[in-house]
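Sequential numbering of the sequence shown, starting at 1, is according to full-length UniProt numbering.
Ideal Cβ placement from N, Cα and C applies to all residues, glycine included.
All figures in this text were calculated on a predicted structure; none of them were measured in a lab.
Before any comments, here is the structure.
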Amino acid sequence: MTTSNGINETNGNKARLLWTFQSPPSPMIWMLSPSSWRKYHLFIKARAMVQALERPRETMIKHCWGQTGVLAGLNLGVDAGLWKLMAKNGDRPQKVSELAASLRVDPVLLSRLMRHLGAMGYIKETGLDEYQPTNFSKSISLPMIRDRYISMTSCTGAAPLRFHEYSRKRGYKNPSDAKDTALMYAYSTKKDMFPGSNRLAGRVPWSAPTSFPVKERLIDGADQSPEAPFFVDIGGSIGHDIMEFHSIHPNTPGKLILQDLPVVIGQIKQLDPAVTAMGHDFLTEQPVKGARAYYMHSCLHDWPDDVCAKILAQIKAAMRTGYSKLLINENVIPSTGAYWETSALDMERTEGDWHNLLETIAGLKIVKIWSGGKGVESLIEVELP
């Protein structure tokens, strides 16, 4: 049946059902404000509607050369300085010929790439070989966004493209050997990517008052001696998290200690005097005993359970019963309704997986999982049983 406004009633009912807002799932995983939840839910429903309208052939084309073409164009724009130049020029329409001349890029090549980016909605086409920047394209002029495109696609890009080959040769078994990964297979190497890697930036600090009650959980009841270890950032790279922690909580008692492999610690050019840098391999004995808090950010998700068990055993042996905490800043995926930003990372653990690893395998106790929303990143508070 068709109504007076031309909408098929059956489809209209489906559309109304599609756009009906639901209550968020478990509050432990979803801690969004009502307005943020509505925005998130609207995004999910909008994507579902697009997928419902999209034919299988269109989806295939999008996957096989639409999105790969976008990535090629975005990366070239980053490398050649296109996005910085367009942002500098402001919101006005900009000619391909002028941009190409300034960047010393072949105008034919630039025209082809920008045409596709315009067709995909990443920049706005305003005329023949003329484009206007969008909020997204302007964001790629910022180092925090821009640098990820080249670093991540160059570092990991071949792994998903050859994952089917890697899996077929191993009988389609779930990868569990940290020394035989799809990344190593794709790049024909035995070296892993972690010793020199830095972590992503741009997230809400875990130690912000809205994320985790540092005073109540860590500062209150802590040893006030200046020599007592207060906070140990294990695998902390060049100190992003620990310096951020110190900037938010400058008056914590005791010592702040940053640990990573000596080759990483050697790259540090500037470190707050309040932080002590220490070369340490987290697969070996933890030299700092009885700290108030041991902290790890995006370390355990890189390793299968057997390696994680070895890492956790070293920390567990150093913890003091009734005093020390282990804080694990990682993704916690809900059992159903996983958010795409987390599922795209692939080797991430569900809440049940974390309970199995930390409690059943490692013999620790999860006190609480603190989540900032959408299950993208959570802080797992752990103690000795």
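- Residue burial is scored here from C-beta neighbours: P56 has fewer than 16 other C-beta atoms within 10 angstroms and is therefore classed as exposed.
- With contacts defined by Cβ atoms closer than 9 Å, I44 and W83 do not form a contacting pair.
- Judged by DSSP secondary structure, E383 falls within the beta strand (DSSP E) whose first and last residues are S378 to E383.
- When DSSP states are grouped into helix, strand and coil, Q267 belongs to the coil group.
- Nearest to R115 by alpha-carbon distance, out of S102, K88, V70 and M152, is V70.
- Our two residues, F230 and A186, have alpha carbons roughly 42 Å apart in a direct line.
- Leaving aside the five residues that flank D106 on each side, the residues in its chain whose CB is nearer than 8 Å to its CB run, in chain order, A100.
- Residue nearest to L300 within the set A178, K124, M243 and E216 is A178 (criterion: CA-CA distance).
- In the DSSP secondary-structure assignment, V232 is bridged to I257 and Y294.
- Closest option to P93, judged by alpha-carbon separation, among G81, H63, E359 and E125: E125.
- Taking T156 as reference, the option from S371, E130 and S188 with the minimal CA-CA separation is S188.
- Counting only runs of at least 3 residues, the region 112-160 fully encloses the following beta strand (DSSP E) elements, listed from N- to C-terminal order: 124-127 and 130-132.
- In this structure, the straight-line span from the alpha carbon of R104 to that of M152 is close to 25 Å.
- Put simply, the backbone Cα of P175 is about 21 Å away from that of P334.
- Following the DSSP letters along the chain, one finds A277 inside the beta strand (DSSP E) bounded by residues V275 to G279.
- Counting of Cβ neighbours within 10 angstroms places T210 among the exposed residues, the total staying below 16.
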